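**Q** Chains as they are written, first to last, in this note's numbering: chain A, 38 to 448; chain B, -12 to 301; chain C, -12 to 301; chain D, -12 to 301; chain E, -12 to 301.
Beta carbons are placed, not taken as given, at the ideal position from N, Cα and C, and that holds for glycine.
Please read all numbers here as calculations on a predicted model, not as lab measurements.
Dumping the structure here so I can ask a few things about it.
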Amino acid sequence: MSQPWTVRYRPQTTREIAGNKVALEKIRQWLDAWAQGKPSKGAVLLYGPAGVGKTTVAEAVARERGWDLVEINASDKRSGEILSKIAGLASTQASLFSKGRLILLDEVDGINLRTDSGAIIAILRVIRESQFPIVLTANDPWDPKIRPLRDACLLIELKRLGLREGIPLMKGILAKESVNADEEALRSIMERDRGDMRSAITDLQILTGPKKSLTLEDTAMLSNRDRTESIFEVLRIIFNSRTVAQARRALDKSDLDHEMLFQWILENTPSQIPSRHELERAMSALAEADLYFARIRKTQSWHLLSYALDLMTAGVAVAKETSPRGWVSMKFPQRIGSMSRSRGTRELRKGVGAMIGSKSHISSRRGTKLYLPMIQFIHQHDPEKYRQIAEWLDAKEPLDEILSLENDLAA
Amino acid sequence: MEAALWTEKYRPKSLDDIMDQEEIVSRLKDLVKRGTMPHCLFAGPPGTGKTTAGLNASDERGIDVVRTTVKEFARMASLSSVPFKILVLDEADNMTGDAQSALRRTMENYTNTCRFILCCNYSGRIIEPIQSRCALFRFTPLPEEKVVEYLHRIAKNENVKTTEGGLKTIVEVAEGDLRKAVNILQAASSMSKGISEETVYQVVGRARPTDVHEMLNHALKGDFLKARDELRNLLVKYGLSGSDIVRQIHSEVFRLAIPEKTRISLIEAIGDTDFRLVQGGDEEVQLSALLAHLAAQSSVHRSVREEHVTALDR
Amino acid sequence: MEAALWTEKYRPKSLDDIMDQEEIVSRLKDLVKRGTMPHCLFAGPPGTGKTTAGLNASDERGIDVVRTTVKEFARMASLSSVPFKILVLDEADNMTGDAQSALRRTMENYTNTCRFILCCNYSGRIIEPIQSRCALFRFTPLPEEKVVEYLHRIAKNENVKTTEGGLKTIVEVAEGDLRKAVNILQAASSMSKGISEETVYQVVGRARPTDVHEMLNHALKGDFLKARDELRNLLVKYGLSGSDIVRQIHSEVFRLAIPEKTRISLIEAIGDTDFRLVQGGDEEVQLSALLAHLAAQSSVHRSVREEHVTALDR
Amino acid sequence: MEAALWTEKYRPKSLDDIMDQEEIVSRLKDLVKRGTMPHCLFAGPPGTGKTTAGLNASDERGIDVVRTTVKEFARMASLSSVPFKILVLDEADNMTGDAQSALRRTMENYTNTCRFILCCNYSGRIIEPIQSRCALFRFTPLPEEKVVEYLHRIAKNENVKTTEGGLKTIVEVAEGDLRKAVNILQAASSMSKGISEETVYQVVGRARPTDVHEMLNHALKGDFLKARDELRNLLVKYGLSGSDIVRQIHSEVFRLAIPEKTRISLIEAIGDTDFRLVQGGDEEVQLSALLAHLAAQSSVHRSVREEHVTALDR
Amino acid sequence: MEAALWTEKYRPKSLDDIMDQEEIVSRLKDLVKRGTMPHCLFAGPPGTGKTTAGLNASDERGIDVVRTTVKEFARMASLSSVPFKILVLDEADNMTGDAQSALRRTMENYTNTCRFILCCNYSGRIIEPIQSRCALFRFTPLPEEKVVEYLHRIAKNENVKTTEGGLKTIVEVAEGDLRKAVNILQAASSMSKGISEETVYQVVGRARPTDVHEMLNHALKGDFLKARDELRNLLVKYGLSGSDIVRQIHSEVFRLAIPEKTRISLIEAIGDTDFRLVQGGDEEVQLSALLAHLAAQSSVHRSVREEHVTALDR
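Dropping the structure here:
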C-alpha cells in the first residue's frame, strides 16, 4: 500500500471523526430538517483552521446517507457562469427513486474576485434555489469577501482537537501500524501541530520511519510549520532592539511576507512606542519604507527592497531612545483583510466607468470618478431610483457587485 | 427612454441654452451661419460646457458628428472611410506629445473631409502646431449665482425640497463644474430629507470639515491613536482618497488656532505628504506619518498656545 | 487654403533669406558652390532655421530632397531604393542610442547615393560615430528686434491688428524660437480683439505678469490668504497648470523689490516646488506651500526692508 | 568536454550525495522506498540542495495555470503504471495566495496517483492549508567548512591553484548557495593568477569590502576628497558600475562604528542614491553626492562619537 | 574613401598593436599558439580594445569570425547553419537575464562548432553560468599619455593642425575611451579652425570650463544675477542641455577655492539637481535654484573665507 496515512486513516463516517461532537450534532439536525422541507437556512458554512476536517465531515455525512456528493472547490474555475450550471443541478427536483444529493462548495474563501467574477452572487442564487442541502467550507468566515454568504448560511465551527481527543486518535493509528510510541512524543507532535490533525498524522508517519517505535528524541528533527503566532516573536525583537543589526536580524526569524510584516509593524508601532517624538521618527521611517515599496512596484527594481526592510525594522527600532516599558500586547493589523479585496473591485469599476462614459459623453476615468460615488449614495438611500439609473446605464449586474463588495469593505 | 442621469436629462439642447458663455456662443453661431468652420480648440475647466457646445455646434450645422475620447480616437486614427464631418475630441491635453504630433498630421491629411473640435483643460498643454491650426475658444468657470439658479430650476422640476444653504454648498463644492454640481444635487435628492448643507456634505463623500478638524485636533493634542482611528474612518467609511484628505487637511490648517510658525511648518509637511502620495506612497502610512508629525508638535504648541492664537475664519 | 500654417507660408525660400545666421549661410553656400557635400549636423535651439537651411541647401544643389522626422525615418529606415539624394532628418537627438547606431550604419551603406542633414537641439546627444562623420553647424537664437520685425511683416501681410506690446510679448514668450513666435501670432490672430499683450497671454495659456506680481506681493506682505485667493484665481480663471505658474513665478521673482537674500531663498524654494509638481504633486497644495514659504519670509524681510531694497527693472 | 559546467559535472547523482542534509536525506529515502511518501514542502535558501526539476521557475504561476496545467498533469499521472508520480513545483512561494488556494484540493484529489514536492525559499509564504497538507523539510545553508572542502575537492580535480583566502571569499560571496559557489570557482579558475581573494572579487564584479570600508571611513572623517579618489579607484580597478558600488556601500554600513541613528540616516541616503541611479541619475555626480552627504555628517558625528560608538561585527 | 571612420582606419591590425594591455595580449597569444580556445569574456570600460582584441585573436587563429551586437545576435540567434567558428558578441551585458540564459543554451549546443568571445563593460552583469563557461580577460582604461601619443600620430597622418591643449582636452573628455577620443578628433577636424581646446568643447557640446568657473564664481561672490545671466548664456549660446551643465558644474566644483565644508554642501546640492532634471524638472528653474544655493553659501562663506581658503589645483 502506498497511501499516506492521512489518506489511509481518513474517517469514513461521522462516528469515526474524533472531537467536535457539538458541531456534528448540529449538522445532523440541520440535515434531518430537510425531510420536512427546505429549512430557513438552505446552506451550512463549516469553518475552522486548516486540518480540522471540514471537507471530511461533508464527505462523511453524504456517505452515511447514501447521497451523491457534488463538489466544487478552489481548483475549479468558479465564475458565476460555471456556478450557475451547478445551480441547475441543485434545483432539479429529486425524482422518487433517484438518490439524494449534497452540494459541497469547498473553500469559498479561496474565490478569486477577478477570475471568478460573479461567483458570490451566483452562489447566493444556488443557495436560494437549491432543492438539496448545501455545505460551504472556509478557513476564515469573517473574510469580508464572503460576507454575503455568511448571512445566508447556518454557521458551524469546527475546532482544533485538544490533546485529550488527538492523542487517542494517534494511538489508534499507531496500533494499526504496530508502532510503539512514547506518550511524550505524541504530546510533542500535537503541541507542534496545534490540533491540526492532518499535519499531526503526516508528521507521525514521517517520524516513525522504518523502525516500529517513536520516542521524544525522534521528534527533534521535526520542523515547525509556520503559524501566525511566530510573528509576535519577530515584532518583539524589532521593538526591543537597540541597534540596526539586532532589528535587521529579526527578519531572519520571519518567513512572513514582507508587506504583511510591514502591516504588523505599522499597526503596532503607536502602542509600542508611546513617546510622541519617538513615534514621529518611527512613523517617518515607516513612511520612508513605504515609499520604497512604491518605487519597487513602479520600477520593478527589486534590489531596492533591502532599504525598505532596513527602514521598517531598524528604522523603527532605532527611533526609540527610552527602554521598553514592559509588555504591551500586539494587535492584528486591521487592514490585512480589506487590502486584497479592494484590489478586486478595481476591474469592475473600470467597466462600469466605460458604460457611464459612453452615456454621458465623458471618459471612463472621469465617469468612474464623478458618477460612481453618487450612484453608490443613491443606492444606499433610494434603491428604486438606483435601479432606474443602473438599468438606464445598462450596468445593473456589475454595479450590484461593486456595491456589495464595497459595503463589505466599509464594514 | 428618459435619461436617468440629470446631467444628461438637462444637457442644453441648442447653443442658445448654453449658460454664460455668450461670447463663445455668438462666435460659434456666426461660424455656423457663415458655413465655414475652422478646427476649434475649446479650453477651460471641466464642466463649463465644452463638450456640449461642441456637440451642439455640430448639430446646428446639420452634419454628422462623432464624439470620441483620446483612446478611441487613437484606435480609429486611420480614419480611412470617414462617414462623418465633425470630430469632437475630449481631453486632448491628456495626449502625449507624440500622439499630438500624430493628430496634427491627421488634421492636415483630412482637412478637406472633416473638422476637429478639441476639448482640453489647459490649452498650454497642446502643442503649438495644433494650437495654431485651431480657433481658440476659452470657456470660463460659471459664476456662482448662475449655477445656483440652474440647480434651482432642476430641483423645482424634479420636486426636490432645497434650502439656500444647501444649494450654495453644492456650488462651493463643485468649484464651477456644472456637471459635478448637478450630480451632487441628484445624489442628495435621494435622501428623503431634502437638500441641506448636511446632506450635501454627506453626498460629496467628503468628510465634513468637522471630521478632519477633529482628527487634526486629536493629533495636535498629542493623541495619535485617536487621530489615526479618525483617519481610518475617513479612508474607509467615507471612501476618501489620500489626496482628498491631504487637500482637506490643507484647507483646515488655515482654520486651526495655532501659532503662525507652526502653521507654516505644517503646510510644508502637508506638501511633503502630498508629494509622497503622488510617488505611490500608501495613503494610510503616509497620512499616519503626517499625524505623528503633528502629534510631535503638540508639546511645543501647547506651551505657546494661549498667547499666540490667531483665530482664522474664512 | 485658409488652414495653411503661416510658418510654412512665410518660410524663407532661399539660403539668403535665412535670418541672422550669416556664417552658417556662407559656409553652406560655399559647399554648394564647390559641389562637394559632407553629411551635416545642424545643432541649435528650436526655431532658429535649421530645417529651413537644410531644405534650401538641398534645393540650391538642384537635387532631390526628402524631409522626415525621427518617427517616420524609423519606419522607412530600410531606404532600399532611394530615388533621392539628400535626406533632412529632424529631431535626430530624439533617437535612442540604438536607433542612432542603426542610422550610422545606414549612413555608411548609402554614402555613395545620398547625404544626410541631421537637425538636433543638442549635439551632445548625438553619438560620436555620427558626429565624427558630419560637418557641424551651430545655430544661435535670433535677436529680439529681428523677430519683432519679422512678425510685423507677417501681421501686415495678413491684415492683423497688432500693438507693439503684443508683439513684444510674443517674442518674450517665444524665447528666440521663430517658429513658435509665428505660431503664436497666428493663433492670437483668431481672437476677435486683435493682438495685444492680453490676447497673447491668453493664447499661450499664461497669466499676466502683473497678476503674478500681485500674488507674490500679497504673500511677501505676509497676507497669505489674499495671495492664495489670487492663486486660485490664476488656476481657475486663466486655466493655468501648476508648472506654468511656477515658471511664471520664477520669472517674476527677478523683478521683485526684495533683498537679494530673500530672492535667493525664494529661487531655491521655487526649484523645490517645480520638482514636486513634475512628480505629480497637487497643484494647489504645492503652490500654497510655496506662498506660505514666501509669507514666512515676510517677517524677516519686513524688518530689513527699508534699508536694502533693490529696485529691479528688467 | 572542457566547456561543461562544473555545477553539472559535480551535481549530486543521488540522494546520498546531497551534502550535509543527512537526516532529511535518510528520511526521504525511506519514504520513497516504502512508497508512502506524503506531499512534501522543502523550505530553505537557494543552493541548499532542494531539487530543481519539474515545472520551470520562469513559467507563469497564476491561478489559471494551477487550475489547468498543474491539474492536468496530476490527472494524467494517474494513467501511468507506476504507483505514483512526483510533481515538483519549484519556487512555490512565488505563487499568489489565490493560486495556492486553488492548489490545495488538487493535491488531495489526486493523492492516490501523484505526490507534490513544493520547493520554496520562505515557508511562511505558503498558506497554512497547504502547509497542513505537507511534511515540512527545512534545508539549512551548508556550513562554510563543508563548502570550502567541496570546492577544494573540485579545484584539485580540475588542477586549479587556490589559496585558502580565495576559497573563503568564494564561500562568503556565495552566501551558502553551493551552486553559486561552484560557478564562481569555475569562472575564477580561468584567471592566470590562480584563485585569490582579489581574483574572486574581480570575477563577481565586486570591490573588496575593506576597500569600500576605507572609502566610507575617509568620508566619515570629513576627508571628502580622499573618499572620492578611492571611489574612482574602485570604479576603475574592479570595473564596477555605480549601482554595484551603492549596493556594496549599503552592506558595509552595517560594519561601520557609528551611532545607530546615524546608521539609519545613512541607509536612507544610500537608498536615495540607489533609486536615483535606477531613474537614470549620473553615476559620478550621484555617488559624489552620497560621499559628500557622509562627509557632511562627520562634523555632527565627530562630536558625539566618543560616547555612543558601538562596534559592530557582523 | 573620405567618409571612412578613423576608428576603423587606425584599428590595430594584429594583437601586438593593441595598446597597453600587455598581460591580456600575452595570454591571448598563448591560447592562439596552443591552438585551444575556450569561450572568452572580455570585460572593461568602452574603448579599451576589447572588440579589437577579439577580432585579432580570431584572425590570428586563421578561422572565420563574425562580429555582432546584442540586437543583431538576437535576430540571428537560431544560428542553425553557422559557417564560421568564432563569434564576437559586443555589449553582452546589455542582454536581459532571459536572453543570457538563451545564449548560454546556444553556447552549449554549438560548443563543437564555434567559440564565443563576449565583450562587456561590467562582468558582474553576466549571469554566473555563462561566466563560469568563459575565460575572463579584464581590460583597464588607457593612460592619458598613450592616448595623446596615439592621437598625435593620427593627426599627423591626416594632416590636421593640432595644439597640445586641444589633444589634452580630447583625452580629458574621452575619459580613457580610445574610440571616443579618435571620434572626437575626427569630428573636430572638420571645423575649419584646427583642433584647439575651443573647437573640442564645441564639438562635444560642452561649455568651456572657464565659462562654467566664471558662473560659479559669480554665484559664490553673492552676485546671483550675474551668475544667472551666464547660465542663460551657456544654455542658449552653447546649446547645452541642463544635465550637461550639471555635470560640468560638478567637475568644476573640485577646482574652486572654497572651504571644504562649502564644497561638500555644493556637491550634495548638485546631486539633487541632477536627479530633478532626470525626473523632468524645468532646466532653467532647477539650475537657477542650484546657483541660488551657491549664492546663499556665499554670505556664510565670505565671513570665514580669509582663514580657511584652500587652493585646489587638479
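1. Please confirm if C/ILE73 has its CB atom under 9 Å from at least one CB of chain E.
2. Would you mind reading off the limits of the alpha helix (DSSP H) that contains E/LYS72?
3. Grouping DSSP H, G and I as helix and E and B as strand, with all else coil, what is B/THR(-6)?
4. Grouping DSSP H, G and I as helix and E and B as strand, with all else coil, what is C/ARG120?
5. Taking the DSSP output, what are the residues bridged to A/SER250?
6. If you draw a straight line from the C-alpha of E/GLY34 to the C-alpha of E/VAL199, how long is it?
7. Would you kindly check if the distance between the Cβ of E/ASN170 and the Cβ of C/PRO25 is under 9 Å?
8. Helix, strand or coil: how does DSSP classify A/ILE171 here?
9. Quick check on this structure: which residue in E/GLY31, E/THR38 and E/LEU76 has the alpha carbon closest to the alpha carbon of E/GLU(-5)?
10. Among A/ARG162, A/MET234, A/LEU142 and A/LEU211, which one has its Cα closest to the Cα of A/ARG87?
11. Answer with buried or exposed for B/ARG(-2), where buried requires no fewer than 16 other C-beta atoms within 10 angstroms of its C-beta.
12. Which residue marks the beginning of the beta strand (DSSP E) containing C/ARG195, and which one marks its end?
13. Could you tell me whether any Cβ in chain B is nearer than 9 Å to the Cβ of A/GLN168?
14. Is the CB of D/ASN307 under 9 Å away from at least one CB in chain E?
15. Give the range of the beta strand (DSSP E) segment to which A/ILE109 is assigned.
16. Against D/HIS280, what residues of chain E qualify as contacts under a CB-to-CB distance less than 7 Å, listed in chain order?
17. Could you work out which residues of chain B lie near A/ALA331, taking near to mean beta carbons separated by less than 8 Å?
18. Taking its Cβ as the centre, do 16 or more other Cβ atoms sit within 10 Å of B/ASP164, making it buried, or is it exposed?
19. How about A/GLU221 and A/GLY85: do their beta carbons lie closer than 9 Å?
20. Which residue marks the beginning of the beta strand (DSSP E) containing A/HIS340, and which one marks its end?
21. Note down, one range per segment and in chain order, each beta strand (DSSP E) of at least 3 residues found wholly within the region 96 to 159 of chain D.
22. Hey, how far is the Cα of B/SER290 from the Cα of B/GLY84?
23. Which residues in chain D have a C-beta closer than 7 Å to the C-beta of E/PRO(-1)? List them in chain order.
24. Can you find at least 3 beta carbon pairs, one from the region 184 to 198 of chain E and one from the region 264 to 283 of chain E, that sit closer than 8 Å?
25. Compile a chain-ordered list of the residues in the region 91 to 122 of chain B whose CB is closer than 7 Å to at least one CB of chain C.
26. Identify the contact partners of D/HIS200 in chain A, using a Cβ-Cβ distance below 8 Å as the criterion.
27. Would you mind telling me which residues of chain B sit closer than 7 Å to C/ALA174, beta carbon to beta carbon, in chain order?
28. Given D/SER68, which residues of its chain have a CB within under 7 Å of its CB, disregarding the five upstream and five downstream residues?
29. Residue range of the alpha helix (DSSP H) that A/ARG138 falls in?
30. With three or more beta-carbon pairs closer than 8 Å as the criterion, would you say the region 129 to 140 of chain C touches the region 152 to 160 of chain C?
31. Please find out if some non-hydrogen atom of the ligand ADP comes closer than 8 Å to the beta-carbon of C/VAL265.
32. Could you tell me which of A/LEU139, A/VAL145, A/LEU211 and A/ILE140 sits nearest to D/ARG91, measuring between CA atoms?
33. Quick one: list the residues of chain E neighbouring C/PRO32, beta-carbon separation under 9 Å, in chain order.
34. In terms of alpha-carbon separation, which member of B/MET94, B/VAL12, B/CYS106 and B/ASN108 lies closest to C/LEU(-8)?
35. With D/ASP80 and D/ARG102 assumed to form a contact (beta carbons below 8 Å), what rounded beta-carbon distance in angstroms separates them?
36. For D/ALA276 and chain E, any beta-carbon pair shorter than 9 Å?
**A** To lay it out plainly:
1. Cβ-Cβ to chain E under 9 Å: no for C/ILE73.
2. Segment: none, E/LYS72 is in no alpha helix (DSSP H) and carries neither H nor E.
3. Helix, per DSSP.
4. C/ARG120: coil per DSSP, three-state reduction.
5. DSSP output for A/SER250 lists A/ASN217 as bridge partner(s).
6. Rounded to whole angstroms, E/GLY34 to E/VAL199 spans 28 Å at the Cα level.
7. It is not a contact, given that the beta carbons lie outside the stated cut-off.
8. Correct three-state label for A/ILE171: strand.
9. The option with the nearest alpha carbon to E/GLU(-5) is E/THR38.
10. Note on residue identity: the sequence assigns Ala, not Arg, to residue 87 of chain A. Of the candidates A/ARG162, A/MET234, A/LEU142 and A/LEU211, the one whose C-alpha sits nearest the C-alpha of A/ALA87 is A/MET234.
11. Burial call: buried.
12. Looking at the DSSP string, C/ARG195 is not in any beta strand (DSSP E), and its letter there is neither H nor E.
13. Chain B, which has no Cβ nearer than 9 Å to the Cβ of A/GLN168, makes this no.
14. Absent from the structure is residue 307 of chain D, since the part of chain D shown begins at -12 and ends at 301.
15. First-last of the beta strand (DSSP E) with A/ILE109: 105 to 109.
16. Correct list: GLU255.
17. Correct list: GLN266, GLY267, GLY268 and ASP269.
18. Buried, because 16 or more other Cβ atoms sit within 10 Å of the Cβ of B/ASP164.
19. Contact: no.
20. For A/HIS340, no beta strand (DSSP E) encloses it, and the DSSP letter there is neither H nor E.
21. Fully enclosed beta strand (DSSP E) runs of 3 or longer: 101 to 107 and 122 to 125.
22. Reliability of the predicted coordinates at B/SER290 is poor, the pLDDT of 41 falling under 50, and the value obtained from them is presented with this limitation in mind. When only Cα atoms are considered, B/SER290 and B/GLY84 end up about 54 Å apart.
23. Residues of chain D passing the Cβ test: none, with the nearest at roughly 22 Å.
24. Touching, no.
25. Of all residues in the region 91 to 122 of chain B, only THR98, ASN108, TYR109, SER110, GLY111, ARG112, GLU115, PRO116, GLN118, SER119, ARG120 and ALA122 come within less than 7 Å of chain C when Cβ atoms are compared, listed by chain position.
26. Simply none; closest approach about 16 Å.
27. The contacting residues are GLN118, SER119 and LEU123.
28. With a pLDDT of only 45 at D/SER68, under the threshold of 50, the placement of this residue in the model should not be trusted; the figure read from the coordinates follows. Within the same chain, no residue comes within 7 Å of D/SER68 by CB-CB distance, once the 5 residues on both sides are set aside.
29. Not the alpha helix (DSSP H): A/ARG138 falls in the beta strand (DSSP E), residues 138 to 142.
30. Here the region 129 to 140 of chain C lies against the region 152 to 160 of chain C, with 3 or more beta-carbon pairs under 8 Å apart.
31. In the structure shown, the ligand ADP is absent, as is every other ligand, since no ligand is present at all.
32. Residue A/VAL145 is the option with its Cα nearest to D/ARG91.
33. Going along chain E in sequence order, the residues near C/PRO32 (Cβ under 9 Å) are LEU222, VAL223 and GLY226.
34. Per the C-alpha coordinates, the member of B/MET94, B/VAL12, B/CYS106 and B/ASN108 positioned closest to C/LEU(-8) is B/MET94.
35. Not really, about 19 Å apart at Cβ, beyond 8 Å.
36. Chain E contact via Cβ: present.
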